[in-house]
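Chemist: Protein sequence lines, in the order shown, are assigned to chains A and B. Residue numbers for the first sequence follow my numbering, beginning at 1 and rising by one. Residue numbers for the second sequence follow my numbering, beginning at 1 and rising by one. Note that the Cβ used here is the ideal one computed from N, Cα and C, for glycine as well. A single structure is presented below for examination.
Number of protein chains: 2
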Amino acid sequence: MSLTQIKTETGDFVNEAVLELINENPITITPLHDLLIKMNTVDIAEVFESLDKEKTIQVFRLLPKSLAADVFSYIVPRTQQVIVEALTDGEVGKIINELYMDDAVDFIEEMPANVVERVLKNIYDDKRQLINQLLQYPEDSAGSIMTTEYIALREDASVREAFDTIRATGVNKETIYTCFVIRRDRLLVGVISAKTLLLSKPQDRIGDIMDARLILAHTTDDQENIADLFRKYDLLSLPVVDKEQRLVGIVTVDDIVKVIGEEFGEDIEKMAALNPSYEPYLDSKIFRLAGNRIVWLMVLMLSATLTGYIISSFEESLAVMPALVAFIPMLMGTGGNAGSQASTLIIRGIALGEIQPRDIVRVIWREVRIGLICGTALGLVNFIRVYITNSQDAMLSLAVTLSLIVTVILAKSVGCLLPLAARKLGIDPALLAAPLISTLIDCTSLLVYFTIARMILQI
Amino acid sequence: MSLTQIKTETGDFVNEAVLELINENPITITPLHDLLIKMNTVDIAEVFESLDKEKTIQVFRLLPKSLAADVFSYIVPRTQQVIVEALTDGEVGKIINELYMDDAVDFIEEMPANVVERVLKNIYDDKRQLINQLLQYPEDSAGSIMTTEYIALREDASVREAFDTIRATGVNKETIYTCFVIRRDRLLVGVISAKTLLLSKPQDRIGDIMDARLILAHTTDDQENIADLFRKYDLLSLPVVDKEQRLVGIVTVDDIVKVIGEEFGEDIEKMAALNPSYEPYLDSKIFRLAGNRIVWLMVLMLSATLTGYIISSFEESLAVMPALVAFIPMLMGTGGNAGSQASTLIIRGIALGEIQPRDIVRVIWREVRIGLICGTALGLVNFIRVYITNSQDAMLSLAVTLSLIVTVILAKSVGCLLPLAARKLGIDPALLAAPLISTLIDCTSLLVYFTIARMILQI
Chain A
1 MSLTQIKTET GDFVNEAVLE LINENPITIT PLHDLLIKMN TVDIAEVFES LDKEKTIQVF
61 RLLPKSLAAD VFSYIVPRTQ QVIVEALTDG EVGKIINELY MDDAVDFIEE MPANVVERVL
121 KNIYDDKRQL INQLLQYPED SAGSIMTTEY IALREDASVR EAFDTIRATG VNKETIYTCF
181 VIRRDRLLVG VISAKTLLLS KPQDRIGDIM DARLILAHTT DDQENIADLF RKYDLLSLPV
241 VDKEQRLVGI VTVDDIVKVI GEEFGEDIEK MAALNPSYEP YLDSKIFRLA GNRIVWLMVL
301 MLSATLTGYI ISSFEESLAV MPALVAFIPM LMGTGGNAGS QASTLIIRGI ALGEIQPRDI
361 VRVIWREVRI GLICGTALGL VNFIRVYITN SQDAMLSLAV TLSLIVTVIL AKSVGCLLPL
421 AARKLGIDPA LLAAPLISTL IDCTSLLVYF TIARMILQI
Chain B
1 MSLTQIKTET GDFVNEAVLE LINENPITIT PLHDLLIKMN TVDIAEVFES LDKEKTIQVF
61 RLLPKSLAAD VFSYIVPRTQ QVIVEALTDG EVGKIINELY MDDAVDFIEE MPANVVERVL
121 KNIYDDKRQL INQLLQYPED SAGSIMTTEY IALREDASVR EAFDTIRATG VNKETIYTCF
181 VIRRDRLLVG VISAKTLLLS KPQDRIGDIM DARLILAHTT DDQENIADLF RKYDLLSLPV
241 VDKEQRLVGI VTVDDIVKVI GEEFGEDIEK MAALNPSYEP YLDSKIFRLA GNRIVWLMVL
301 MLSATLTGYI ISSFEESLAV MPALVAFIPM LMGTGGNAGS QASTLIIRGI ALGEIQPRDI
361 VRVIWREVRI GLICGTALGL VNFIRVYITN SQDAMLSLAV TLSLIVTVIL AKSVGCLLPL
421 AARKLGIDPA LLAAPLISTL IDCTSLLVYF TIARMILQI
């Protein structure tokens, strides 16, 4: 029980004990080493986040060789660079040679050119060739997130031979729980789970018990589609093939768990009019953060010029009844909120595959009715509020309330229509939502308001 | 290769062939049966989504017994109910008895009371007891998403005995890739992966080769925290224990892939001022959709009353210079966008664990600088635009531009401050963001605008 006692679910408790040992000067090696090897790899990697350069190198060199590469793969790029720059050429080569191929590629992608050059110079030829090949796949493609360490079995092997293969090579493979069945030329013909292997007889032939219902990806497929396949089919791993259906790599579920977080984060950021970024907030440079925001702010600011023109063109009406101005923010705000509620649900529905462009009529009809319900409820409350606070001016209250109801219905319609139209045109619905929808709804609500006010109040 | 040929990655092609066979009247059983058993379980379940009641029952009865429960677990609740209502008591019992415990609980939670009663009456006593127990865990807790089908090994068993256990019971377990090592009273003492078992000698003792560095959850832990553990430690499954650290269930990665999608979706919806919902959009009732939206719309509309008061209290200034009105939407809009950019990034950072409440000073300092950069750039463009379009009125342009810069900086500060404050107070940052931030920023930008305009334009 000693280990479960020092290991809490979050690792916080252990981290404190480790940091105490590390902060001693000089470090007493043996107790620190003993504690480190009892810790989870991910937790060890986390320890480095709070160390300075000198301690980072000292502690990293203390890790047993068998652990070093694994810990390295979980360390943040900034610290990876510090470590690589301090190690000898030979040490660097050893670490990188031991990384899984996807981790090696992730690492190389984050390093500056001089570090990349030094790393590539010190690793095995075949590893270097593979890395160079993987680096060429487009960002966010299956090829860029796949790894090349998988277990391949021959169709005519027996279960006993399969286990021999797994025992002989399994320790260096990222997953052994799904094995891939290939023919000559690495042609992928089936998959077989370790579960099936364990529950089969030793003399069974792989080709007879494998699953030939292949779910696979091509190297250029987008990672978002890959994530959809994992979500839909409850996969642990997915084979990636080239154009000739030759097996070139696999994607594993742990990477997909991270991709799903990234993709949703991207959607959230686009909807908030931000350029998506992948760096942790506190690690990003101020100018980069500002840069990610400024383009959309500028576009939206300039498109708001339109609202200014609309207001100016109704200046005479406003001069007759200045009280109208006070309701502009409420109307535009409510329209904006009603619209973004609709667009958010539709964008999410599209992302989850629940809504297709062909559902457009059904969706609009739903949103019009929802707009009518919401608008009427809001209008009722609004009428009473305006009536009481504006010297019981029934006509003014009516004008504001009617504008509100029409605005909500129109906002709901625009909010659902634009993402679906974007999808149909092949544009990312999330990207379009923020700027176009808000500008459209702002202009609509102003036009509706002034038109209705003019008619009812005869100004 | 016949199977890979009829199976595309999305299954669309197969679906068409199956639907063609199903739509024949009467159905010719043999070819349909032969096609179905070659399809992926998830794809078969999807076929039911486009069938009417009668065909649903016909096709479901056609599935081989060994496949029926598995397919059933992937069918949407609406169709599950149709099927259960058409089957005999005995058939219902057989299906539900074969479901994994977490799928059975998910199903029961979605059914109306009369169906639940009938189902519980027709299943095994021990299954019914377990279901009743699992139904009592709070929504979204580890207990509510865990399953009870896992492989437990004794500490003093050998690897050979472990494989015997797996072979004897593995087929009914949701995962065999992580086995859980227990002592008397089901006390959890370690985990061991199938990979370790495969790479060990048959006579090795489980207790000596198991991993005692336990990463575990308690039954009442929130699913969001569970997802964080999977993401952080690259887990395939996670043991769930009660207060006495006795193993009561496991959570598997396929459920977590879904949880992550849900949790992000929830955050997106909250930020768009929606009550989170879990139903697919097109399946939801109009009144429920309207209900999810109306509360926030009402709150936001009423809080917008404040902006009305602010405008009214500056009515005299507006009477002197009506042109000021035209810039209100642009200023409020830009403030709102700048603020929601900041709050979105902070809420995401908090959700991913990148930002802690203790980082508050750093975060504000960053946002103030970002606000200054963005505000200045926007201000410059805005000054030129206003100067040109408003008869070269330099003072008016200056007033609008200065207001813009101050508004952007304040909006960025409010946008980062509130989510962090919410987190500190234990309130969900995403929930707070939409209403409070937008109201605060609207009022701030109006106050800033009128105050600056009064000073510069001397009105």
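1) According to DSSP, what are the bridge partners of Leu238 of chain A?
2) Give the interface partners of Val381 of chain A over in chain B, defined as CB-CB distance under 8 Å, in chain order.
3) Report yes if the C-beta distance between Ile346 of chain B and Val363 of chain B is below 9 Å; otherwise report no.
4) Enumerate in chain order the residues of its own chain whose CB-to-CB distance from Arg454 of chain B is below 7 Å, with the five nearest sequence positions on each side excluded.
5) In terms of DSSP beta bridges, what is Val191 of chain B paired with?
6) DSSP on Phe450 of chain B, reduced to helix/strand/coil?
7) Taking the alpha-carbon positions, what's the Val42 of chain B to Val191 of chain A distance?
8) Under the rule that 16 or more other beta-carbon atoms within 10 Å means buried, what is Gly375 of chain A, buried or exposed?
9) Roughly how far, in whole angstroms, is the beta-carbon of Val241 of chain A from the beta-carbon of Val248 of chain A, given that I think they are within contact range, below 8 Å?
10) Could you have a look at Ala152 of chain B and say whether DSSP puts it in helix, strand or coil?
11) Where does Ala217 of chain B sit, in a helix, a strand or coil, going by DSSP?
12) Using a Cβ-Cβ cutoff of less than 6 Å, which residues in the same chain neighbour Pro357 of chain A once the five nearest sequence positions on both sides are dropped?
13) Exposed or buried, what is Met332 of chain B when buried is set at 16 or more other beta-carbons lying within 10 Å of its beta-carbon?
14) Just confirm the distance between the C-beta atoms of Asn97 of chain A and Lys65 of chain A, as a whole number of angstroms; I'd bet it's less than 8 Å.
15) Which runs of the alpha helix (DSSP H) at least 4 residues long sit entirely within the segment 269-323 of chain B? Give them in chain order.
16) So who's on the other strand from Asp501 of chain A, going by DSSP bridges?
17) Quick one: list the residues of chain A neighbouring Leu378 of chain B, beta-carbon separation under 7 Å, in chain order.
18) Residues of chain A with CB under 8 Å from Phe287 of chain B, in chain order?
19) For the alpha helix (DSSP H) containing Gly93 of chain B, name the first residue and the last one.
20) Between Ala424 of chain B and chain A, is any beta-carbon pair separated by less than 9 Å?
21) In angstroms with no decimal places, state the Cα-to-Cα distance between Ala323 of chain B and Pro329 of chain A.
22) Keeping to the same chain, check which residues put their C-beta closer than 8 Å to that of Met301 of chain A; ignore five residues upstream and five downstream.
23) For Ser413 of chain A and Arg348 of chain A, I'd like the C-alpha separation in whole angstroms.
24) Nearest CA to the CA of Arg213 of chain B: which residue from A:Gly143, A:Asp34, A:Met39 and A:Ala162?
25) In the segment 159-178 of chain A, which residues sit with their C-beta less than 8 Å from some C-beta in chain B, listed in chain order?
26) Residue range of the alpha helix (DSSP H) that Gln133 of chain B falls in?
27) According to a CB-to-CB cut-off of less than 9 Å, which residues of the segment 338-354 of chain B neighbour chain A?
28) Under 9 Å between beta-carbons, which chain A residues line up against Thr334 of chain B? List them in chain order, please.
29) Check whether the segment 168-179 of chain A touches the segment 144-153 of chain A, taking contact to mean three or more Cβ pairs, one atom from each stretch, closer than 8 Å.
30) With 9 Å as the threshold, decide whether the Cβ of Ala326 of chain A is near any Cβ in chain B.
31) Taking contact to mean at least 3 C-beta pairs separated by less than 8 Å, is the segment 302-313 of chain A in contact with the segment 264-283 of chain B?
32) Listing by chain order, which chain A residues have their CB less than 9 Å from the CB of Ala194 of chain B?
33) Do we get a CB-CB distance below 9 Å when we pair Thr4 of chain A with the residues of chain B?
34) Hey, out of B:Glu244, B:Lys243, B:Ala152 and B:Asp255, whose CA is closest to Gly207 of chain B's CA?
35) Shortest alpha-carbon distance to Ile226 of chain B belongs to which of B:Glu244, B:Val408, B:Thr165 and B:Gly143?
36) List the residues of chain C whose Cβ lies closer than 8 Å to the Cβ of Val71 of chain B, in chain order.
Modeler: Reading off the structure:
1) Counting from one through the first sequence, the residue named residue 238 of chain A turns up at place 238. Within the DSSP secondary-structure output, Leu238 of chain A pairs in a beta bridge with A:Val251.
2) Residue mapping note: residue 381 of chain A aligns to position 381 of the first sequence, counting from 1. Those within 8 Å of Val381 of chain A in chain B are Met298, Met301 and Leu302.
3) To locate residue 346 of chain B, count along the second sequence from 1; it is residue 346. To locate residue 363 of chain B, count along the second sequence from 1; it is residue 363. In this structure, the beta-carbon distance from Ile346 of chain B to Val363 of chain B falls below 9 Å.
4) By 1-based counting over the second sequence, the position of residue 454 of chain B is 454. Contacts found: Ser317.
5) Counting from one through the second sequence, the residue named residue 191 of chain B turns up at place 191. B:Phe180 and B:Asp211, per the DSSP bridge assignment.
6) For this step, residue 450 of chain B is matched to residue 450 along the second sequence. DSSP places Phe450 of chain B in helix when its eight states are reduced to three.
7) Within the second sequence, numbered from 1, the residue matching residue 42 of chain B stands at position 42. Within the first sequence, numbered from 1, the residue matching residue 191 of chain A stands at position 191. Going by the C-alpha atoms only, they are around 17 Å apart.
8) As a first step, residue 375 of chain A must be located in the first sequence, where it is residue number 375. Answer is buried; the Cβ neighbour count reaches 16.
9) Locating residue 241 of chain A in the first sequence gives position 241, counting from the first residue. Locating residue 248 of chain A in the first sequence gives position 248, counting from the first residue. Cβ-Cβ separation between Val241 of chain A and Val248 of chain A: approximately 6 Å, consistent with a contact (criterion under 8 Å).
10) Counting from 1 along the second sequence, the entry for residue 152 of chain B is found at position 152. Three-state result, Ala152 of chain B: strand.
11) Here residue 217 of chain B refers to the residue found at position 217 of the second sequence. Looking at Ala217 of chain B - three-state DSSP - the assignment turns out to be strand.
12) Translated into the one-based positions of the first sequence, residue 357 of chain A becomes position 357. Contacts found: Leu420, Arg423 and Lys424.
13) Reading the second sequence from its first residue, position 332 is the one you call residue 332 of chain B. Burial call: buried.
14) As a working mapping, residue 97 of chain A is identified with position 97 in the first sequence. As a working mapping, residue 65 of chain A is identified with position 65 in the first sequence. Going by Cβ atoms, the distance from Asn97 of chain A to Lys65 of chain A rounds to 12 Å, so no, they are not a contact pair.
15) 286-303, 305-313 and 315-320
16) With chain A running from 1 to 459 in the structure shown, residue 501 of chain A is simply not present.
17) Counting from one through the second sequence, the residue named residue 378 of chain B turns up at place 378. Chain A residues near Leu378 of chain B: Leu297, Met298 and Met301.
18) In the second sequence, the residue the question calls residue 287 of chain B occupies position 287. Ordered by position in chain A, the residues that pass the 8 Å Cβ test against Phe287 of chain B are Ile373.
19) The sequence position of residue 93 of chain B within the second sequence is 93, counting from 1. Where Gly93 of chain B is concerned, the enclosing alpha helix (DSSP H) stretches over Asp89 to Glu98.
20) Here residue 424 of chain B is taken as the residue at index 424 of the second sequence, counted from 1. A small correction: the amino acid at residue 424 of chain B is Lys; Ala does not occupy that position in the sequence shown. Not closer than 9 Å to any Cβ of chain A, the Cβ of Lys424 of chain B fails to qualify, so no.
21) Counted from its first residue, the second sequence places residue 323 of chain B at position 323. Counted from its first residue, the first sequence places residue 329 of chain A at position 329. Taking the straight line joining both Cα atoms gives about 16 Å.
22) Position 301 of the first sequence holds residue 301 of chain A. Contacts found: none.
23) If you number the first sequence from 1, residue 413 of chain A lands on position 413. If you number the first sequence from 1, residue 348 of chain A lands on position 348. Rounded to the nearest angstrom, the two C-alpha atoms are 16 Å apart.
24) Here residue 213 of chain B is taken as the residue at index 213 of the second sequence, counted from 1. Nearest C-alpha to Arg213 of chain B: A:Met39.
25) Flagged, chain order: Phe163, Ile166, Arg167, Gly170, Val171, Ile176 and Tyr177.
26) Indexing the second sequence from 1 puts residue 133 of chain B at position 133. It spans Asp125 to Leu135 - the alpha helix (DSSP H) in which Gln133 of chain B sits, taken as one unbroken run.
27) Ala338, Ser340, Gln341, Ala342, Ser343, Thr344, Leu345, Ile346, Ile347, Arg348, Gly349, Ala351, Leu352 and Glu354
28) In the second sequence, residue 334 of chain B corresponds to position 334, counting from 1. Under the 9 Å cutoff, chain A gives Leu297, Leu300, Met301 and Ala304.
29) They touch, by the three-pair rule.
30) By 1-based counting over the first sequence, the position of residue 326 of chain A is 326. Answer yes: the Cβ-Cβ gap between Ala326 of chain A and chain B drops below 9 Å somewhere.
31) no
32) Translated into the one-based positions of the second sequence, residue 194 of chain B becomes position 194. Ordered by position in chain A, the residues that pass the 9 Å Cβ test against Ala194 of chain B are Ile176, Tyr177, Ala194, Lys195 and Leu198.
33) Counting from one through the first sequence, the residue named residue 4 of chain A turns up at place 4. Residue confidence for Thr4 of chain A is low, a pLDDT of 34 falling below 50, so the modelled location carries little weight and cannot support an answer.
34) Numbered from its first residue, the second sequence carries residue 207 of chain B at position 207. Selected option, being the one with the closest Cα: B:Ala152.
35) Counted from its first residue, the second sequence places residue 226 of chain B at position 226. Nearest C-alpha to Ile226 of chain B: B:Gly143.
36) The structure shown contains no chain C; its protein chains are A and B.
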